[in-house]
Amino acid sequence: MKRTLLLIAALSITGAQSQEISDAIRYSTDNLNGTARFRAMSGAFGALGGDFSSLSVNPAGSAVFINNQAGFTLSSYNKKNESNYFGTKESDKESAFDLNQAAAVFVFNNSNPDSDWRKLSIGVAYENTNDFDNSVFSAGMNPNNSVANYFLSYANQGGGIPLADLQDFYYEELSYGAGQAFLGYQSYLIDPAESGSGYVSNVPAGGNFYQENSLISTGYNGKLSFNAATQYKDKIYFGLNLNSHFTDYRKSTSFYEQNSNDATTGIQRLRFNNDLYTYGSGFSFQLGAIAKVTREFRFGLAYESPTWYRLNDELSQNISTVRVENGASLNEYVDPGVTIVYDVYKLQTPGKWTGSLAYVFGTTSLISVDYSIKDYSNTEFRPSEDLYFQAINSQMSDLLDTAGELRIGAEHRIKQFSLRAGYRMVESPYKDGRVVGDLTGYSGGIGYNFGSTRLDLSYSYAKQDFEQSIFSQGFVDAPEIKSVNNNVSLSLVFEL
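Take any residue in the sequence shown, count from 1 to its spot, add 542: that is its number in this note's numbering.
Next up, the structure:
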C-alpha cells in the first residue's frame, strides 16, 4: 500500500459537489402513477377532473366532484432491462409492490341560490410520482478503453493533481475529483508519468477489456398536495395545489474489469464500488382551470411551477485491484472507510404547461386528450455562483431541450362496468434523443361501481431506450438499455 489509510467507519465530512445531468433528469421527470382509473386512461384527465389523480394534472379537477370521496391505490411495478454492451446482451428484472396513492376530497356546496359560485372543494392527495426501484446489469468485451481512463481524467485535470496531494492527504481531505485520483493512485491503477508530467495508466494496453457493471437502485419521489378548487356557474372550474415533495434515493454500482493483454505485468483485474444516498425535500404549486365550452365539449389549461428542491448527497467508495509486479501477484484494497457528506445544494426543475380537450358522449362514453410541454434546458443547480454548478448548468442548457408529452384516454360505461384504454408518448429531454429516448406507453383497465364504493383495475405498459453512462468522464462507453415497465394497479374509492 502506498500509504496507510485512516479507517473510521461512517465518518461524515463535507466535500465538493459531484452532481451530474442524470441526477437533474431523475428529479425532473415523473412516471405515470396514480389511481387505477387514471392510469388506465394514460393520465389524460386535464379537462375531465373528478378523479383524485386528475388533481396532479389540473387542480381544478376537484371541483368536478359531486360529493365527498376518499380512496387509495396499490400498485405492482415490474421492470425489465435488456442491455447491449459491445454486442453482448444481458437482462435483469426488478419488481416492487407499494401503496402509491391515497387521497380525499371534501365538497362544500353553496346554499345561497343567488350566488354564481356553486361550490368549494378541498382535497389532500399523496402520490408516489416516481419509483426508483431498478436493477440493470451490463457485460461485454470493450475493445478500446479501460476504466483507468476515468481515474486518469481526474488525475490529469487542470494540469494534473500534485503527487503530494495523493501521497500526503487522506481521501476525505480532498475534493471529489482529487478523491477519484486518490483511489486510482493508491490502488496502483495509475502512476506518475516518468517524464514527471501528469499520470499514466498501469493497465496493460492492447484492448480486449472484459467489463461488467451492476446497478441496483431503490427509493421513491413522493408528493403531498393540498388542493382547493371552486365552480363558477355551470361553466368553469378553478383550482390551486400547494405541493410538498420528498425524495429518498439509494444507488449501488459495482464495476468489474479484467484484461487479456500482457499477463506478466500491471493491473490484471479490478472492482470499483460506489454507494450513493440522496435525500431531501421540495416545494411547487399548480394553477388550473376547466371550462365547459358546450355540454359535451370541455377544455382545460394548467400550469405547474418548477419544483425547488433542497437535496443532500452521501457517497462511499472502495476499489480493489490485482496486479503483477516482478513476477508476483499482489492484491490491493483501498477502502477509505468514510462516508462523504456533501454540502446541501438546491435543484430547480423545469415548469410545465398542460392543455387538455375532452368530449363527453352523454352518460356512457368519453374521450380525452392532454398535451404537456416542459423545457428541460431551464433545469438548474444552485448556488449558481458555484463554479462546478455553473459548468453543469451550462451543459444542461446546451444538451437539454423542450419536450412534449401526449396522453390520450377513453372510457365507456356499460351499466355498472367501465372499460378504459389509453396511449402515452413522451419526448426525450435531450436534443440528440440518444442518452434518453422517447417513451411509448399503452394502458387499459376495468372498473365496477357498487354505488357508494368503486373498484378499479388497470394495466399499463411503457417502453423506453437509453444509454446508461457508467461514469461521468474519461470513460464514457455506455451500454444501450431497452427498458420495459409493466404495472398493475388496484384502486378502492369510497363516498363519504
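Yeah, the Cβ is synthetic: ideal placement off N, Cα and C, and Gly gets one too.
Closer than 6 Å by C-beta to residue i: which residues in its own chain qualify, once you throw out the five before and the five after it? Chain order, please.
| i | result |
| --- | --- |
| N815 | S796, N860 |
| K1005 | T982, V1026 |
| A638 | Y619, D675 |
| I778 | A833 |
| L757 | V678, T795 |
| G946 | I915, E969 |
| T630 | A681, G682 |
| E856 | Y819, T881, V883 |
| F1036 | A612, T995 |
Would residue i pass as a contact of residue j if the rule is Cβ separation under 8 Å?
| i | j | result |
| --- | --- | --- |
| N575 | E669 | yes |
| K916 | L942 | no |
| S994 | S1031 | no |
| N698 | Y741 | yes |
| F614 | Q643 | yes |
| A589 | A900 | yes |
| S633 | N626 | no |
| F825 | S786 | yes |
| Q561 | Y887 | yes |
| Q753 | A805 | no |
| V599 | A844 | yes |
| A1016 | L725 | The amino acid occupying residue 1016 in the given sequence is Gly; Ala does not appear at that position. No. Outside cutoff. |
| D998 | G989 | yes |
Can you find the residues in the same chain that come closer than 8 Å, C-beta to C-beta, to residue i, ignoring five residues on each side of it along the sequence?
| i | result |
| --- | --- |
| K661 | A605, V649, F650, N651, N652, T772, Q773 |
| L547 | Its pLDDT being 46, under 50, L547 is placed unreliably by the model, and the measurement read from it follows with that caveat. Hits under 8 Å: Y712, Y713, Q728, V876, D877, P878, G879. |
| D658 | Y774, K775 |
For residue i, which residues from the same chain have a beta carbon less than 7 Å from its beta carbon, with the 5 sequence-adjacent residues on both sides left out?
| i | result |
| --- | --- |
| G863 | Checking the sequence shown, residue 863 turns out to be Thr, not Gly. Excluding positions up to five away in sequence, the list reads S729, Y730, L731, I809, L812, E874. |
| A1020 | E1009, Q1010, S1011, I1012 |
| G749 | P685, N686 |
| G721 | Y713 |
With DSSP collapsed to three states, give me the class of residue i.
| i | result |
| --- | --- |
| N670 | strand |
| A771 | strand |
| G603 | helix |
| L590 | coil |
| I861 | strand |
| N750 | coil |
| R837 | coil |
| N868 | coil |
| Y762 | strand |
| A681 | strand |
| F580 | helix |
| S560 | coil |
| D707 | helix |
| R568 | helix |
| N920 | helix |
| S595 | helix |
| G983 | strand |
| L700 | Checking the sequence, you will find Gly at residue 700 rather than Leu. Helix at G700. |
| N854 | strand |
| D974 | coil |
| L574 | coil |
Could you spell out the range, first to last residue, of the beta strand (DSSP E) harbouring residue i?
| i | result |
| --- | --- |
| Q1069 | Outside the displayed range of the chain (543 to 1038) lies residue 1069, so it cannot be described from this structure. |
| R955 | 944-956 |
| I1023 | 1022-1037 |
| R811 | 808-834 |
| G897 | 894-903 |
| S960 | 959-968 |
| V883 | 880-884 |
| K888 | 887-890 |
| P734 | 732-734 |
| V742 | 741-743 |
Does at least one heavy atom of the ligand NAP sit under 7 Å from the Cβ of residue i?
| i | result |
| --- | --- |
| D673 | As for the ligand NAP, it is missing from this structure, which has no ligand bound. |
Tell me which residue opens and which closes the alpha helix (DSSP H) that residue i is part of.
| i | result |
| --- | --- |
| Y712 | Premise fails: Y712 is in no alpha helix (DSSP H) and is neither H nor E. |
| Y930 | 929-941 |
| A805 | Premise fails: A805 is in no alpha helix (DSSP H) and is neither H nor E. |
| F693 | 690-697 |
| L725 | 718-728 |
Would you verify that the beta carbon of residue i is, or is not, closer than 8 Å to some beta carbon of chain B?
| i | result |
| --- | --- |
| G700 | No chain B is present in this structure, which holds just one protein chain. |
(message) For a minimum of 3 consecutive residues, which ranges assigned as the beta strand (DSSP E) are wholly contained in the stretch 986-1017?
(response) 995-1009, all fully within the stretch 986-1017.
(request) Please list the segments of the alpha helix (DSSP H) lying wholly inside the stretch 598-659, counting only runs of 4 or more residues, in order along the chain. (result) Qualifying alpha helix (DSSP H) stretches: none in this window.
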